[in-house]
Every structure is written in structure tokens, then in C-alpha cells.
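Here the protein sequences line up with chains A and B, keeping their order.
According to the working numbering, the residues represented by the first sequence are 1094 to 1399, in order.
According to the working numbering, the residues represented by the second sequence are 490 to 804, in order.
Inspection log for the structure reproduced underneath, given as C-alpha cells.
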Amino acid sequence: MDPLLLLVQALNGLQLGVMLFLLAAGLTLVFGIMNLVNLAHGSLYMIGAYFMAAFQGWTGSFLLALLLAVPATLVVGVLVEVIVLRRLYERDHLDQVLGTFGLILFFNELVRVIWGPAALFVSMPAALSGTVTLLPGAPYPVYRLLIIGVGLMVAAFLSWLVTRTRTGMLIRAGASNPTMVGALGVDIRLLFTLVFGLGAALAGLAGAMAAPLLSVESAMGDGVLILTFVVIVIGGIGSIRGAFAAAVIVGIVDTVGRAFLPILLREIFNRQVANAAGPALASMLIYLLMAAILAFRPRGLFGARG
Amino acid sequence: MRVPVIDRPRIATFLLFGLLALVPVYAGLFDQPFYLTLFARVMIFALAAVSLDLVLGFGGMVSFGHAAYLGVGAYAVGILAYHGVDSVLVRWSVAILASAAVALFIGSVSLRTSGMYFIMITLAFAQMLFYLAVSLKAYGGDDGLPIAQRGAIGPIDLNSSTQLYYLILVLLGLALALAHRIIGSRFGRALEGAKWNERRAVALGIAPYRYRLVAFVISGTICGLAGALLATLTSFVSPSYMAWTRSGEIIVMVVLGGMATLTGPIVGAIVLLVLEEILATITIHWMLILGPVLVLVVLFARRGLWGWIAGARHG
Chain A
1094 MDPLLLLVQA
1104 LNGLQLGVML
1114 FLLAAGLTLV
1124 FGIMNLVNLA
1134 HGSLYMIGAY
1144 FMAAFQGWTG
1154 SFLLALLLAV
1164 PATLVVGVLV
1174 EVIVLRRLYE
1184 RDHLDQVLGT
1194 FGLILFFNEL
1204 VRVIWGPAAL
1214 FVSMPAALSG
1224 TVTLLPGAPY
1234 PVYRLLIIGV
1244 GLMVAAFLSW
1254 LVTRTRTGML
1264 IRAGASNPTM
1274 VGALGVDIRL
1284 LFTLVFGLGA
1294 ALAGLAGAMA
1304 APLLSVESAM
1314 GDGVLILTFV
1324 VIVIGGIGSI
1334 RGAFAAAVIV
1344 GIVDTVGRAF
1354 LPILLREIFN
1364 RQVANAAGPA
1374 LASMLIYLLM
1384 AAILAFRPRG
1394 LFGARG
Chain B
490 MRVPVIDRPR
500 IATFLLFGLL
510 ALVPVYAGLF
520 DQPFYLTLFA
530 RVMIFALAAV
540 SLDLVLGFGG
550 MVSFGHAAYL
560 GVGAYAVGIL
570 AYHGVDSVLV
580 RWSVAILASA
590 AVALFIGSVS
600 LRTSGMYFIM
610 ITLAFAQMLF
620 YLAVSLKAYG
630 GDDGLPIAQR
640 GAIGPIDLNS
650 STQLYYLILV
660 LLGLALALAH
670 RIIGSRFGRA
680 LEGAKWNERR
690 AVALGIAPYR
700 YRLVAFVISG
710 TICGLAGALL
720 ATLTSFVSPS
730 YMAWTRSGEI
740 IVMVVLGGMA
750 TLTGPIVGAI
760 VLLVLEEILA
770 TITIHWMLIL
780 GPVLVLVVLF
790 ARRGLWGWIA
800 GARHG
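Okay, structure coming up:
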């Protein structure tokens, strides 16, 4: 096995991991605090990417588009929270799944109505489209490194926000006993809206940053939503630390598995079997990982709530 | 619980099956074979919805991966047909056994969790099978696998749409009767009891895990039969049968029709699929309407349509 290729694939995995973390952080906070299963979180990711494409076409600047796309997604998130989701907090999980499933159908179709059925593309600025040589013989795209950097910064910021600030204290208190926090004079509805908006902004950031790497199209958030679920289930629902650890694990296992499992199988089985089973097994790997973790720790690695 | 022979839900159920039995007559009279295929598909999804109601409505288990069994059943038929197995009975039996085995595995792992975790782990297992189907290049991968012959069971020729239609109708009726028997039995009472109050059920000597697992396997098996029927009807299998949105649609059918009512999910399947057809003829952006409709149903119509048709809670 080529160690340089392994390094590059591990970095790709880390990049996927921090991307998943941006989504998982919002989803796990919303579940931990409002007890809400939000399937429409993937839609916010998609909306972030569409905003990125639209604003880039409009302003012609990558940075400006990014700076506009994130708050715009936040506004959409807050609107969705105020109009629909707020009414679902007190309902059971089934109602939440159904209501937010309806929202996914709506948003997937809405972007088609607004931006047309064809996929959009976002170009990255020239300064970020090159590669850097990490080790001799291992060039790596600057843009992916940037995503990793931004993701780690957001993780550090969230950890500071939740453990070191007054807002973070309220968030933690709201997670363990929202009624009591409300009784102590905190505007709990506002707190919920703020947390939801924060999650929406992070999802928008993930979508906007992923936009140059993918084609921006309807339903692009659906697949990544399921991966995010895997992440927060492995990490333990409600735990930011768990979300970070699990996001990195899932990102690396998935990416490295897809790259090396077929090669590894070729060493053991004959070529034909390996070529058939390799990709199949690689795409199932993270789900098997999740099943194995849940079989031994039904509440995930860092989870406290069920 | 003794149910009087003549009550509103029962009459409504018989009326519903009577109307379904008349669809081929209508389709033949007005030369609209399209309705025959549409309602055959509707009944297959109704079968899947009834199977989901057993675990969702009566067992309180929100399985977000029921499309997986639909897919397993369909792929069993497709793969056997691909390898030249012409006997429909063999195809369907293997489909049923395979989906039972998959449900046993998924259920035994998933039921160790509950609540949110259960929703997501069932979803993830379904995704796993979805990607497995996509990566099966030998069986068509992404593009799916056509089935050359629908085949025949004894005198019943499945290539005749009408005969296949009535066979599906009979199977739906049998599945509904079976589900009623299960729910009315001691087993069903225990299952429902564990849903309402797990601690009390445990104190009464009922081990909820076992009851839930058995219900889960029964449900997965019936859903697998629905998958085999779907593959037979469309003469085609593809990974899209297992798409996670499909699992969502089956849940919508159950809730729309009315949870824990058994006949309700059939009504839910009819209403949802017919509504989709109608909206699709009005605009290509029909999901823009269907999405908010779902949200409104969740917010304002919790009891489902069956509660409104049949009056009292059924079962």
C-alpha cells in the first residue's frame, strides 16, 4: 500500500469529516435541546449551496458570495423554525419525521422552480484552485485544506461557545431542563430560535463550501443528511464532542475504505471476486460500523439521551 | 375484546374492498388499462403500509427503513428470474424467506436501541442495502434489472393484468385478516401493552424485546411479499425501490390513513398515490404542493382519514 496515497486519502477523509461535522453539530444541538428530529437539515445544506451559486453569479466574487450565503441560509432556517418547526417541538418523533419529510419535498421542488432543473456549478477563485506539496510526491488541493481549516476553526468556536460563554451555559441548561430555564426568566423560544439559526448557518456554510466541489442540484442534501444521521448516532445524540469524533471517524473510514478495500480484497481473493465485492463492501462500511457500535453502545460513543 | 359483526369500520372495510374489486370492471368498460396498473401498484403499497402499521401503529416502533424489505423481496424475484428460475412460487417463497431473514438481522440489532436511535438505525440499514443494490453491477447496478417473464401460478397467468390484479387484491385481504388475528391475539395485546407502558409490561412478565422482534420480522416478511409483487407487476427491479424517500412515503400512508387501524393505511396508500397522480397531471412541480399538504396533515389531522371514515378506533 502506498503511504503517500494513504495520506492523501486520509486528508480527503478528514475533509469529508469536518464537512459532516458542520452539519452534525447543528442537527445534534437541535435534537439535544429542542428534542426535534429535523430531516430538513439536509435541505438547509442544499439551500446554502444554491445561495452560493446564485450570489456568485450575482456578485462575481467567491468570498462575497460565501459571506452572503451563510446569513441568507440562517434567515431561511429561522423562518422555517418560526413558521413550522416551532409547532413540532412538543410532538412525538413520528410527527417530526413526517413534518420535516414534507419540508424536504417542498424545498427540493422549490429550488427546481426557482433555479431550474439543471445542476449549477460554482467556480473557486484562482488563488484556491492550485495545490500545495505536503510531502515530496504528494500534492494536495489548497481548497480542501481550507475546508479542513475552516471546519476545525468552527469546531473550536463551538466548543468555546458551549463551554465558556453565558449563551453556551443557557444552551446546556436548556438541553437538560428547558422548563426550568424558562421558569428562571429566560426567553426559551428565543433561545430555541437562536440555536436553530446557528445550526442552519452551519449547514449553509457546509453547503456553500461544498458547492465548488460538487454540482449544485435538487436533493443534493438527502444523501449527506443520512451520513449526518450516522455521525450523530455514532457520536451520541446531543453531544458536540461526539459529533466531532464520529464525523472524523466516518469521514476517514468511508474515504479510506472506498480507496483501499478493493485493493485489500485483491490480496486475499481472486481479482473477479474482489472487483465485485470491493465497492459493495466499501459503500456499506460505515453502516456496518454504526451497527457494530450501537450493538455494544446503544447510545453512541458519547451519548446520554435516548 | 369482542367486536360486533356489523359495525361501521367493518362495513367500511368491506365497501373499500368491494370498490377495489370493481376497478378492473371500470378499466375494462372505459378502456383505461392505466387504472388497472395504478391500482395494482396502490394495493401493493397498501400491503407494505399495513405491514408497517403492525410495528409502527401497534408496536410503537418508528421504522424508517421499510423500503428495504420491499427491495429485498423485489431483488429476490429479479435475481432468481435473471438466473432462469421460472416458477413464481419459488421466486415468491425465496423473496419471503429472504426478507424475513433480513428483518430478523436488522430487527435484532435495531431493537436494542429506542426512540431517535431506532429511527435512524433502521434508516441507515435501509441505506446500506440501497448502496449494496447500487453496487451489484452484475444485476444492473444503478440502472436496475428487467424481468423477462411474469410467470404463472397454476392456472393463474400473471401476464394477464386482470388476473394479477385480483391475486394482489386477495393477498391484501389475507394480509389484512392475518394482521387482525395477530392484533386480536394475546401476542398483539402484549405488543400494544408494551407500547403504552413498557415498565408495566415488563412487570407483568412480558419481555418486550422478543414481542417486538417477532412483530418486526412478521412486518418485514409481509413487506417483502409486497416487494415481490411490485417486481412482478413492473417486471423490473431497481435500487430506487429502496430509496429512503420510499420508506418515508410508506410512513406517510400509515399516518395519513390512521395509525393502528390496519385498514387506515390502505386508505392512506390510495389517497397518497392517487393524489400524486392527480397533482402530477396538474403541474410537474406537484411536490411543491404535496410537501406542505403533509405538514398540514401532521399539524392538524393527527387521527388520520380512517378515524374520520370509520368513526371509532378500529381493531
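Beta carbons: idealized from backbone N, C-alpha and C, even for Gly.
Quick caveat: nothing in here was measured; it's all calculated off a predicted structure.
- Taking a beta-carbon distance threshold of 9 Å, S650 of chain B does not count as an interface residue toward chain A.
- Residues of the same chain with a CB within less than 6 Å of the CB of W581 of chain B, apart from the 5 flanking positions on each side, are A717 in chain order.
- Under the Cβ criterion of 9 Å, T734 of chain B is counted among the residues facing chain A.
- Looking at the DSSP output, A1162 of chain A bridges to nothing.
- When secondary structure is reduced to three states using DSSP, Y1182 of chain A falls in the coil class, being assigned neither helix nor strand.
- If you check each beta-carbon in the stretch 526 to 560 of chain B against every beta-carbon of chain A, the ones closer than 7 Å belong to V551, F553.
- Using a C-beta cut-off of 8 Å, the stretch 1094 to 1101 of chain A makes contact with the stretch 1225 to 1235 of chain A, since at least three inter-stretch Cβ pairs fall below that distance.
- Within the model, the alpha-carbon separation for V784 of chain B versus L1191 of chain A is close to 7 Å.
- If you check the CB distance, A668 of chain B and S540 of chain B come in under 9 Å.
- Of all residues in the stretch 592 to 614 of chain B, the ones placed with a Cβ closer than 7 Å to any Cβ belonging to chain A are V598, R601, T602, S603, G604, M605, Y606, I608, M609, I610, L612, A613, F614, in chain order.
- Chain order gives no chain B residues near M1302 of chain A, where near means a beta carbon separation below 9 Å; the closest approach is about 24 Å.
- Contact check for S708 of chain B against A557 of chain B fails: the beta carbons are separated by 9 Å or more.
- What V784 of chain B touches in chain A, judged by beta-carbon distance under 7 Å, is V1177, G1192, G1195, L1196, going in chain order.
- Burial of H555 of chain B is indicated by the presence of at least 16 other C-beta atoms within 10 angstroms of its C-beta.
- Under the DSSP assignment, Y1380 of chain A falls in the alpha helix (DSSP H) whose first and last residues are 1364 to 1389.
- For the pair T1193 of chain A and L1132 of chain A, the Cα-to-Cα distance works out to about 5 Å.
- With a 10 Å radius around the Cβ and a threshold of 16 neighbouring Cβ atoms, V1343 of chain A comes out buried.
- Setting aside the 5 residues that flank it on each side, Y564 of chain B is surrounded in the same chain by V726, each with a C-beta closer than 6 Å to its C-beta; the list follows chain order.
- Within chain A, A1369 have C-beta atoms less than 9 Å from the C-beta of A627 of chain B, given in sequence order.
- Restricting attention to alpha helix (DSSP H) runs no shorter than 4 residues, the stretch 1172 to 1251 of chain A encloses them at 1186 to 1208, ordered along the chain.
- Between the alpha carbons of A1304 of chain A and W1253 of chain A lies a distance of about 28 Å.
- By the 16-neighbour rule on beta-carbons within 10 angstroms, E681 of chain B is buried.
- Residues V577, L647, N648 of the same chain have their beta carbon placed closer than 8 Å to that of A641 of chain B, with the five preceding and five following residues left out of the count.
- I740 of chain B reaches chain A at L1187, V1190, L1191, F1194, counting residues in chain order whose Cβ is nearer than 9 Å.
- If the five residues before and after G548 of chain B are omitted, its C-beta is found closer than 7 Å to the C-beta atoms of L680, K684, R701, A704, all from its own chain and listed in chain order.
- Ranked by how close their Cα comes to the Cα of P1372 of chain A, the residues A:L1382, A:A1388, A:R1351, A:F1362 have A:R1351 in first place.
- Residue range 733 to 746 is occupied by the alpha helix (DSSP H) that includes G746 of chain B.
- Interface criterion met: the Cβ of H774 of chain B is under 9 Å from a Cβ in chain A.
- Inter-segment contact for the stretch 1159 to 1166 of chain A and the stretch 766 to 784 of chain B is absent: fewer than three beta-carbon pairs are separated by less than 8 Å.
- When Cβ-Cβ separations below 9 Å define contact, I1140 of chain A makes no contact with chain B.
- DSSP, reduced to helix, strand and coil, places A1304 of chain A outside both helices and strands of the structure shown, so it counts as coil.
- Beyond the five residues adjoining it in sequence on each side, L1239 of chain A comes within less than 7 Å, by CB distance, of L1221 in the same chain, given in chain order.
- Taking A1158 of chain A as reference, the option from A:Y1143, A:V1326, A:M1246 with the minimal CA-CA separation is A:Y1143.
- For the pair R530 of chain B and L1113 of chain A, the Cα-to-Cα distance works out to about 37 Å.
- Contact of P1391 of chain A with chain B is assigned, a C-beta pair being separated by under 9 Å.
- In the three-state scheme derived from DSSP, where H, G and I count as helix and E and B as strand, A1312 of chain A is classed as coil.
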